[in-house]
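The structure under discussion appears below in the form of structure tokens.
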Amino acid sequence: MPRKTDATRLRVPAFLCPLLATALLAAPLLAAAAPAAAPDFGPNVHVLSPTTPGLQQRVLDIYEAQQPNHFGPRRDAILLMPGSYENLRIPVGFFTQVLGLGAQPDDVHVVGDLRSTAMLDNDNATVNFWRGAENFSVTPTLGIGDNTMQWAVSQAIPFRRMHVRGNIRLNQKNGWASGGWFSDVLVDGQVRSATQQQWISRNSEWGSWTGSNWNMVFVGVPQAPAGEFPTPGQRYTRVDKTPLVREKPYLFVDKDGGYAVRVPALRRDSAGISWAQGTPAGKTLPISRLFIAKPGDTAAALNAQLAAGKHLLFTPGEYLLTQTLQIRRPGTVVLGIGFPTLRSDNGRPLVKTADVDGLTISGLFLDAGKQDSGVLMEVGEAGSSRRHKADPIVLHDVFFRIGGAAPGQVDTALRINAHDTLVDHTWIWRADHGQGVGWTSNPSAHGLVVNGEDVTVYGLFVEHFQKEQVVWRGDGGRVYFYQSEIPYDPPTQIEWSSATGRGFASYQVADSVTRHEAWGLGIYSVFLKPDVVLDRAIEVPAKPGVRLHDIITVCLVDKGSIEHVINDAGDAARCRGGSNTATLKDYPAK
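Sequential numbering from 1 applies to the sequence shown in my numbering.
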């Protein structure tokens, strides 16, 4: 969805005004002290409990700083100790992650509200990026009414391992939203997607779901809504079982008050939440086995910790790296909380991994620097040949940005060479607004390049790259949900043409591939220049083992068109002179 210019002033939502007034009249509040057992997480991690003095004001202070912080440097993680939080409102702004520290989601219970409020005018939440909530329960007694919480969000908004003891609405009033992600989520009541353009839900449960727009995907969801793509109002894609996944690691406090990270085990052919019968299978890492990284730590220091056998816990903030982070030991866990942001301005890739078993990389934000590093993250070396079916490399909530905060450039954001890799939610974004944005200001060719075999991605969001958004060269790839806006800003058709025609396909599977399957793909155009056309949204080889299901193209605003959905199949989506949407149920047709 085209996004308007960012608001320049914080607008305090109406539901917070009485609370802010009360807080301003109150006596000075004491700073809350972290529990004695808490490690030193640094100043950007806020460990709170139900008895923290000035609890509500502490939360509001973070929100007041972060709600307008679209491209600023501040990052925050709010950690909630086990207990019940009565009449607490938690508004969540940019670069803020709220995490429960219980062993189970219900160990932390917020009775009040958890809310994401639209950033732009007209209740528009299409720039509500980079915020999240994980591992606690919410009873929305102070929500928007009818025991309902509002989670008006767009991309890069991990909502994981949550229990909503009521209903949840995914937009604000009648405003647009462009999300989104659920995994391991239980909603006792109803999910109301309303104007959400698209959404993926994996291994989640609820009482009911209402709403559909362009592309709603449900994987391993027992109560997925009935309806059949591409019927308007029923554009639902259902996959009964999640073939293979490892849930994201989470920080928690054990019964003795010690901090640890739980690393869930692999789940095969699963449906529903992982925690219905208690703590799921997996391993626990005491906090002593992790190096707690803070802004200012050098890449050399971090690599030394990794080489010594430590796992890494990145705390919120910005990390300017002068060397590549090398993750080489099997089974290493790298977990970020509060959107820790890695950046390099000397042309070095930010993260590279070896071709080894069992790596887990979760919660990192990778920002392109001034010099082209070729790639921001590379999983496995070029030519990787080992198989990892029993213990794959897994990426959760890894986010990439090229431009927006400052000029940046890179050829490819994420390259996956290692076979059997799992990716569980990623947004790979060449910025379309902000600072350092333009055809020559934040150049980047590709978002994702996959060379490995049998790579699986759940929740793939890739936008605005100048050539193919996704290039898939490895056999056996599977994608469950794809959302992509092609670039807004090609200056002319001549400058944006490929060997196969006008423009570059958003999703391209190489001719050498014999097996590939994808479910629920939405590709949209928002051309700013007249007379720019994309001939094919998707290009794949015509082979029996290459199959795609439930695909939609949409032409937005008033310029240009997408002429075909896959290869030369499918109708045109035209902003003028025809329908602005086109769909295919299956390719090849059944």
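The beta carbon of each residue, even a glycine, is placed where N, CA and C say it ideally should be.
Using only alpha-carbon positions, find the residue among 254, 227 and 123 that is nearest to residue 100. 254
For residue 111 versus residue 141, is the C-beta spacing smaller than 7 Å? Their beta carbons are under 7 Å apart, which means residue 111 touches residue 141 by this criterion.
Can the beta-carbon of residue 189 be found closer than 7 Å to that of residue 207? yes
Spell out the partners DSSP gives residue 501 in its beta bridges. 498
Compare the Cα-Cα distances from residue 484 to each of 324, 472, 552 and 281 and report the closest residue. With distances taken between Cα atoms, residue 484 lies closest to 552.
Return the bridge partner residues of residue 331 from the DSSP annotation. For residue 331, which the question treats as bridged, DSSP gives no partner whatsoever.
Can you tell me where the alpha helix (DSSP H) with residue 66 in it begins and where it stops? 55-66
Taking residue 213 as the reference, give the member of 532, 170 and 46 with the closest Cα. 170
Of all the options 215, 335 and 460, which has the alpha carbon lying nearest to the alpha carbon of residue 198? 215
Excluding the 5 residues preceding and the 5 following residue 460 in the sequence, name in chain order all residues of the same chain whose CB lies nearer than 6 Å to its CB. 479 and 482
Could you check the C-alpha separation between residue 187 and residue 168 for me, to the nearest Å? C-alpha separation (whole angstroms): 8 Å.
Mapping the DSSP letters down to three states, classify residue 469 as helix, strand or coil. coil
To the nearest angstrom, report how far apart residue 300 and residue 323 are at their CA atoms. 7 Å
By the three-class DSSP mapping on this structure, what secondary structure does residue 289 have? helix
Start and end of the alpha helix (DSSP H) containing residue 302? 299-307
Could you check what DSSP says for residue 21 in three-state terms: helix, strand or coil? Its pLDDT being 43, under 50, residue 21 is placed unreliably in this model, and the value from its coordinates should be taken loosely. Under the three-state reduction of DSSP output, residue 21 falls in the helix class.
So who's on the other strand from residue 378, going by DSSP bridges? 352 and 415
From which residue to which residue does the beta strand (DSSP E) around residue 343 run? Start and end: 341-343.
Let me check understanding here. Comparing Cα to Cα, which of 80, 60, 243 and 53 lies closest to residue 455? 243
Residue 105 - DSSP class collapsed to helix/strand/coil: helix
Distance, residue 287 Cα to residue 263 Cα: 12 Å
Indicate whether residue 404 and residue 428 have their beta-carbon atoms separated by less than 7 Å. no
Using the beta-carbon count (16 or more within 10 Å), is residue 260 buried or exposed? Counting Cβ neighbours within 10 Å, residue 260 comes out buried, since at least 16 surround it.
Residue 51, buried or exposed, once every other Cβ within 10 Å from all chains shown has been counted against 16: exposed
Using a 10 Å radius around the Cβ and a threshold of 16 neighbouring Cβ atoms, would you call residue 386 buried or exposed? Per the 10 Å Cβ criterion, exposed.
Suppose contacts are defined by Cβ-Cβ distances below 7 Å. Is residue 248 in contact with residue 362 by that definition? yes
Would the stretch 218-237 and the stretch 557-570 be scored as touching if the rule is three or more Cβ pairs under 8 Å? With a cut-off of 8 Å, the stretch 557-570 and the stretch 218-237 do not count as touching, because too few Cβ pairs lie within range.
Rounded to whole angstroms, how far is the Cβ of residue 444 from the Cβ of residue 493, which I believe are closer than 8 Å? Contact doesn't hold; Cβ gap of about 20 Å is too wide.
To which residues of the same chain is residue 290 closer than 7 Å at the C-beta, ignoring the five residues directly before and after it? 261, 310, 311, 312 and 313
When you compare the stretch 570-587 with the stretch 268-280, are there three or more beta-carbon pairs, one atom per stretch, that lie closer than 8 Å? no
Assign residue 514 to one of two classes, buried (16 or more other C-beta atoms within 10 Å of its C-beta) or exposed (fewer than that). It counts as exposed.
Cβ separation of residue 450 and residue 474, assumed to be a contact under 8 Å, to the nearest whole Å: 5 Å
Mark residue 126 as exposed unless 16 or more other C-beta atoms lie within 10 angstroms of its C-beta, in which case mark it buried. buried
Leaving out five residues before and five after residue 491 in sequence, what residues of the same chain have Cβ atoms less than 8 Å from its Cβ? 439 and 529
Classification of residue 105 by the beta-carbon crowding that lies within 10 angstroms, buried from 16 upward: buried
What ranges does the beta strand (DSSP E) occupy inside the stretch 389-461, keeping only unbroken runs of at least 3 residues that lie completely in it? 394-402, 412-416, 422-430 and 446-450
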